[in-house]
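Colleague: Protein chains in written order, with the UniProt record's numbering: chain A, 1 to 359; chain B, 1 to 275. Every residue, glycine too, gets a C-beta built ideally from N, C-alpha and C. Structure incoming, see below.
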Amino acid sequence: MASLSMRKLVKKYGDFTVIPDLDLEIPDHEFVVLVGPSGCGKSTLLRVLAGLESINGGDLFIGDQRVNDVPAAKRDIAMVFQDYALYPHMTVRQNMAFSLEMRGMTREEIAGRVERAAGLLHIGDFLDRRPKQLSGGQRQRVAMGRAIVRNPKVFLFDEPLSNLDAKLRAQVRAEIKALSQQLRTTMVFVTHDQVEAMTMADRIVVMKSGVIQQVGTPEEVYETPNNLFVAGFIGSPAMNFLPVTLGDGRARLADGRALPAEILGSGLAPSAGSGEGLVLGVRPEHFAVAPNDADALPVTVDLVEPLGSDTLVHFKLAETDAIARVSPDLRPKPGDTLPLIPVRGKALLFEQESGRAIR
Amino acid sequence: MSAIASSDRLTAWLNAVLLFFAGCVVMIPTLWMVLSSFKQSFEVTAYPPTLFFTPTLENYVSLSETTPFLHYAFNSMVVTTASTLLGLILGAPAAFVASWTRITWPAVVTLVARMAPGTLFLLPWYVMFRQVDMIGSYWALILTHAVITMPIVIWVLLPFFDNIPRSVYEAAQVDGCSPFRVFWRIALPLVTSGLAVSAILAFVFSWNYFLFALVLSNSDTKTLIAASFNFIGEGSTNWGALMAAATLIALPPLVLAVIVQRWLISGLTLGAVKG
Ligand SMILES: Nc1ncnc2c1ncn2[C@@H]1O[C@H](COP(=O)(O)OP(=O)(O)O)[C@@H](O)[C@H]1O
Ligand SMILES: [Mg+2]
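This is the structure:
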């Protein structure tokens, strides 16, 4: 068990810089999820942590040991690969025992640990099968089993759920979270799926093009995103962005209609500079249907997506496509007119140019 | 009848024709050789060749009486087995490293050396081995035959290693393996069919290679194939005995190929690793 510390980390492939300059502290016991679009360098960072890639600058610490030049074999880190990377010629038992054998443990100790890990992951019934004879979900468990028998300092997961079907994914997601609370080992989990990030993480690290955009708890990145990228990436369906100008205590949309400034969080209007070049951010669930509110804007429903628990309504607001999440009891139909207004205090404000959140 | 079924039938038919021609090319000389070895000397060169004759072991008897055939066979066994092993010991790690690092130019160099005519090496080697007084030793033959076997091993194994997902190697590293352990415990067990294929091909090529033995061996260490040239030319050629010798020489590689043919086929078509 150990903390992880990345200081001014640089990683290049030839001339191509994947990670230009990265600082990140991960305290002991924490479950951190690295999330970002495909190709943003998440796997690269994870492989750097594992010691599978060298770094071109900066320092990397595991606990208080500087490990820049320590090979993967000596870092005492366990990793679950996206394709599981089980040893095809070994049984499940041998797969799990292998790393312990490499560390020179006794037969009895190995057997005990394998049994315990197998029990924890419910894979005791197929310890003598080969990977080829297992389903995808079972292989995934074996890959995790191979990691947890080790009792390593840090667990690394590279999109371990992406090859599972949706139902299994949700189940394994919950299991990994439960496991992390049980084992209390530092974990770094990489995914491009913001739902996985939100549901599992103690802290989320949002990355884009090798640069960290925000580090925070799921609530923090959801409620107070640092910039337009984080705001748009976290949450599904994505946050609606509407160009606005501020003035006279009103937020004026591109089509001239205005909303009261109270929809914005804590007295933002005065600090918004000239009031020009701003973007209003409203999450779909933060639109209220308010027939009795004089400030509500009537919108025409273009498309309806019933999800069961709630219903998504697509519409155009000031020439911009937007989505609202409304109660299914409303039974909206395309062509209907709905009076919508952002929930007071929930809308966010960003600078169009820099993308920076104003707060 | 659908178009697919008829094109399937065409494929099957073309396959049969191909097999027939391939069979002719391989089988007719072999058959001729084996049959001739059981004919009386005068019949061997008869034209047109006789298909029906009284088989005789005369050629085999004369072979064993006039030449130390078994001794040559023993020499061949020693040289071929040892050079195949040497080829595997040198070639397998080389192929693994070439595949891992994706640096393949050294492997290309060995291939070029292999493709160069053997005569290129003969004179320098003769001089070198004479200076260290190794002419006529098994080692001179074993070492030089590694030039035959090692490139085969490298080039047969390279795609097998390439076929192993990289993440498997990486998982092994994370699990605590040194590069050598990755090779020994993970990579090598995953390419066993490739090892079988490369060992057989190396064995056969080394077994059949006569040029180095012609120059670097003496009468005591001469290999079978080099010795068989004694039957040609010295006054008149004893065709019957030559055929008997050729038949016996061809036997070990054939037997080997039959024993491991299942591996050979699955190995040559790859596909044994994934899963
Ligand atoms: N071995 C490599 N050589 C060159 N470029 C690479 C290599 N591995 C990854 N990259 C590049 O680095 C970037 C980040 O890749 P990666 O870390 O795999 O992204 P992610 O896991 O976030 O999808 C990508 O643009 C990818 O093309
Ligand atoms: Mg990735």
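#1: Is A:D50 close to chain B? Criterion is C-beta to C-beta, closer than 9 Å.
#2: I want to see whether chain A comes within less than 9 Å of B:D175, judged by CB atoms only; does it?
#3: Using alpha carbons as the reference points, say which of B:V204, B:T30, B:W125, B:L214 lies closest to B:L85.
#4: When you compare only the Cα positions, how much space is there between B:W207 and B:Y60?
#5: Quick one: does the C-beta of A:F189 sit closer than 8 Å to a heavy atom of ligand 1?
#6: Using a Cβ-Cβ cut-off of less than 7 Å, list which residues of the segment 145-162 of chain A approach chain B; keep chain order.
#7: Closest to B:T81 by CA distance: which of B:I148, B:N238, B:T192 is it?
#8: Under 9 Å between C-beta atoms, does A:Y13 make it to chain B?
#9: Tell me, please, whether the segment 182-201 of chain A touches the segment 2-18 of chain A by the rule of three or more beta-carbon pairs shorter than 8 Å.
#10: Could you tell me the distance, in whole angstroms, from the CA atom of A:P27 to the CA atom of B:V156?
#11: Once the 5 residues before and after residue 360 of chain A are set aside, which same chain residues still bring their CB inside 6 Å of it?
#12: Output the distance between the C-alpha atoms of A:P243 and A:F229, rounded to the nearest integer angstrom.
#13: Can you list, in chain order, the residues of its chain with a C-beta nearer than 7 Å to that of B:Y72? Leave out the 5 residues immediately preceding and following it.
#14: What does a CB cutoff of less than 8 Å around A:R129 pick up in its chain, not counting 5 residues either side in sequence?
#15: To which residues does DSSP link A:A178 through a beta bridge?
#16: What alpha helix (DSSP H) runs, 4 residues minimum, are completely inside the segment 86-158 of chain A?
#17: Tell me the rounded alpha-carbon separation between A:I204 and B:A5.
#18: At the level of alpha carbons, what is the spacing between B:T110 and A:A238?
#19: Under the three-state reduction of DSSP, which class applies to A:D302: helix, strand or coil?
#20: Find the nearest neighbour of A:T217 within the set A:K333, A:V18, A:L34, judged by alpha-carbon distance.
#21: Going residue by residue through the segment 118-150 of chain B, where are the continuous alpha helix (DSSP H) segments of at least 4 residues, counting only ones entirely within it?
#22: Between the alpha carbons of residue 277 of chain B and B:T192, how many angstroms are there, rounded?
#23: Would the segment 11-24 of chain B count as touching the segment 298-310 of chain A if we require 3 or more Cβ pairs under 8 Å?
#24: Does B:V168 get closer than 9 Å to chain A when you measure Cβ to Cβ?
#25: For the alpha helix (DSSP H) that contains B:S91, what are its first and last residues?
#26: Would you tell me roughly how many angstroms separate the C-alpha atoms of B:W32 and B:L63, rounded to the nearest one?
#27: Thinking C-beta only, is A:L156 closer than 9 Å to A:A258?
#28: Determine whether the beta carbon atoms of A:N227 and A:S354 lie at a separation below 9 Å.
#29: So, for B:T56: in the same chain, excluding its five sequence neighbours on each side, which residues have a beta-carbon less than 8 Å away from its beta-carbon?
#30: Threshold first: 4 residues or longer. Then list the alpha helix (DSSP H) segments lying entirely within the segment 207-232 of chain B, N to C.
#31: So what does DSSP say about A:Y222, is it helix, strand or coil?
#32: Could you tell me whether the Cβ atoms of B:F20 and B:F121 are closer together than 9 Å?
#33: Name the chain B residues that come within less than 7 Å of A:H89, Cβ to Cβ?
#34: With 16 as the cutoff for other CB atoms within 10 Å, does A:P342 come out buried or exposed?
#35: Measuring from the CB of A:M207, is there a heavy atom of ligand 1 at a distance below 8 Å?
#36: Can you tell me where the alpha helix (DSSP H) with B:S167 in it begins and where it stops?
Modeller: For this structure:
#1: Start at 1 with the first residue of the first sequence, and residue 50 of chain A comes out as number 50. Sequence check: residue 50 of chain A is Ala here, not Asp. Judged by the 9 Å Cβ criterion, A:A50 is in contact with chain B.
#2: Position 175 of the second sequence holds residue 175 of chain B. The C-beta of B:D175 comes closer than 9 Å to at least one C-beta of chain A.
#3: Here the question's residue 85 of chain B lines up with position 85 in the second sequence. That would be B:V204, whose Cα lies nearest to the Cα of B:L85.
#4: In the second sequence, the residue the question calls residue 207 of chain B occupies position 207. In the second sequence, the residue the question calls residue 60 of chain B occupies position 60. Spanning the two alpha carbons is a distance of roughly 21 Å.
#5: One-based indexing of the first sequence puts residue 189 of chain A at position 189. A:F189 Cβ: outside cutoff for every heavy atom of ligand 1.
#6: Close to chain B, meaning a Cβ-Cβ distance shorter than 7 Å, is no residue of the segment 145-162 of chain A at all.
#7: By 1-based counting over the second sequence, the position of residue 81 of chain B is 81. Comparing Cα-Cα distances from B:T81 to each of B:I148, B:N238, B:T192, the minimum goes to B:I148.
#8: Counting from 1 along the first sequence, the entry for residue 13 of chain A is found at position 13. Not an interface residue.
#9: Segments in contact, yes.
#10: Residue mapping note: residue 27 of chain A aligns to position 27 of the first sequence, counting from 1. Residue mapping note: residue 156 of chain B aligns to position 156 of the second sequence, counting from 1. Those two C-alpha atoms are separated by around 49 Å.
#11: Outside the modelled stretch of chain A, which goes from 1 to 359, sits residue 360 of chain A, for which no answer is possible.
#12: Taking the first sequence and counting its residues from 1, one reaches residue 243 of chain A at position 243. Taking the first sequence and counting its residues from 1, one reaches residue 229 of chain A at position 229. Cα to Cα, the separation comes out at about 15 Å.
#13: As a first step, residue 72 of chain B must be located in the second sequence, where it is residue number 72. Taken in chain order, the residues that qualify are K222, T223, L224, A227.
#14: Here residue 129 of chain A refers to the residue found at position 129 when the first sequence is read from its first residue. The beta carbon of A:R129 sits closer than 8 Å to the beta carbons of T91, V92 from its chain, once the five residues preceding and following it are set aside; these are given in chain order.
#15: Here residue 178 of chain A refers to the residue found at position 178 when the first sequence is read from its first residue. Beta-bridge analysis with DSSP links A:A178 to no other residue.
#16: Whole alpha helix (DSSP H) segments, 4+ residues: 92-102, 107-121, 136-148.
#17: On the first sequence, position 204 is the one that residue 204 of chain A refers to. On the second sequence, position 5 is the one that residue 5 of chain B refers to. In a straight line, the C-alpha of A:I204 is about 57 Å away from that of B:A5.
#18: On the second sequence, position 110 is the one that residue 110 of chain B refers to. On the first sequence, position 238 is the one that residue 238 of chain A refers to. Approximately 58 Å between the Cα atoms of the pair.
#19: By one-based count along the first sequence, residue 302 of chain A stands at place 302. Note: A:D302 maps to strand in three-state DSSP.
#20: Here residue 217 of chain A is taken as the residue at index 217 of the first sequence, counted from 1. The residue with the shortest Cα to Cα distance from A:T217 is A:L34.
#21: Entirely contained in the segment 118-150 of chain B, the alpha helix (DSSP H) runs reaching 4 residues are, in chain order, 119-131.
#22: This structure does not reach residue 277 of chain B, given that chain B is present from 1 up to 275, and the question cannot be answered.
#23: Contact between the segment 11-24 of chain B and the segment 298-310 of chain A is absent, because fewer than three Cβ pairs lie under 8 Å.
#24: On the second sequence, position 168 is the one that residue 168 of chain B refers to. So yes, B:V168 belongs to the interface.
#25: For the purposes of this step, residue 91 of chain B is taken as residue 91 along the second sequence, with counting starting at 1. Note that residue 91 of chain B corresponds to Gly in the displayed sequence, not to Ser. 69-101 is the extent of the alpha helix (DSSP H) around B:G91.
#26: For the purposes of this step, residue 32 of chain B is taken as the residue at position 32 of the second sequence. For the purposes of this step, residue 63 of chain B is taken as the residue at position 63 of the second sequence. So the two alpha carbons sit approximately 19 Å from each other.
#27: Numbered from its first residue, the first sequence carries residue 258 of chain A at position 258. Numbered from its first residue, the first sequence carries residue 156 of chain A at position 156. For A:A258 and A:L156, no; Cβs fall outside 9 Å.
#28: If you number the first sequence from 1, residue 227 of chain A lands on position 227. If you number the first sequence from 1, residue 354 of chain A lands on position 354. Annotated as proximal: A:N227 and A:S354, with beta-carbon spacing under 9 Å.
#29: Counting from 1 along the second sequence, the entry for residue 56 of chain B is found at position 56. Once the five neighbours on either side are set aside, the close Cβ partners of B:T56 are F38, K39, Q40.
#30: 211-216, 224-227
#31: The sequence position of residue 222 of chain A within the first sequence is 222, counting from 1. A:Y222 falls in the helix class under three-state DSSP.
#32: Counted from its first residue, the second sequence places residue 20 of chain B at position 20. Counted from its first residue, the second sequence places residue 121 of chain B at position 121. No, the Cβ-Cβ distance between B:F20 and B:F121 is not below 9 Å.
#33: Counting from one through the first sequence, the residue named residue 89 of chain A turns up at place 89. Ordered by position in chain B, the residues that pass the 7 Å Cβ test against A:H89 are P189, L190.
#34: To locate residue 342 of chain A, count along the first sequence from 1; it is residue 342. It counts as buried.
#35: As a working mapping, residue 207 of chain A is identified with position 207 in the first sequence. Within the cutoff, so yes.
#36: Position 167 of the second sequence holds residue 167 of chain B. Element bounds for B:S167: 166-174.
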